[in-house]
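Counting from 0, one number per residue, gives the positions in the sequence shown under numbering that gives the first Met the number 0. The C-beta atom is built at its ideal place from N, Cα and C for all residues, glycine as well. In what follows, a structure is listed as structure tokens, so that the remarks can point back to it.
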Amino acid sequence: MKELRVQSKGDPIRAFFVFDPRRHGIVLCAGHKAGNEKRFYQIMIPLADEEYRKHLQKLQQE
């Protein structure tokens, strides 16, 4: 999993993405990183992991 760091009007935005087994880029989740940085990652990383797990399950069903 990778983190894309961008800014919008000076505010930090973080997007988590991954390349799946077919080598397609998948954006898993994104959010405004403000306030408690540790809490941001504690929420976003499990969310991104879950989205990727769902994506892989969907690929297996095809």
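{"Check": "Tell me whether Leu27 is buried or exposed, calling it buried when 16 or more other Cβ atoms sit within 10 Å of its Cβ.", "Outcome": "buried"}
{"Check": "Just to confirm the assignment, what range does the alpha helix (DSSP H) spanning Glu61 have?", "Outcome": "From DSSP, Glu61 is part of no alpha helix (DSSP H); its letter is neither H nor E."}
{"Check": "Relative to the alpha-carbon of Ala33, which residue among Asp10, Gly24 and Glu50 has its alpha-carbon at the smallest distance?", "Outcome": "Asp10"}
{"Check": "Out of Glu36, Arg22, Arg52 and Lys53, which one is the CA nearest neighbour of Arg13?", "Outcome": "Glu36"}
{"Check": "For Leu3, which of Ile25, Asp19 and Glu50 has the nearest alpha-carbon?", "Outcome": "Ile25"}
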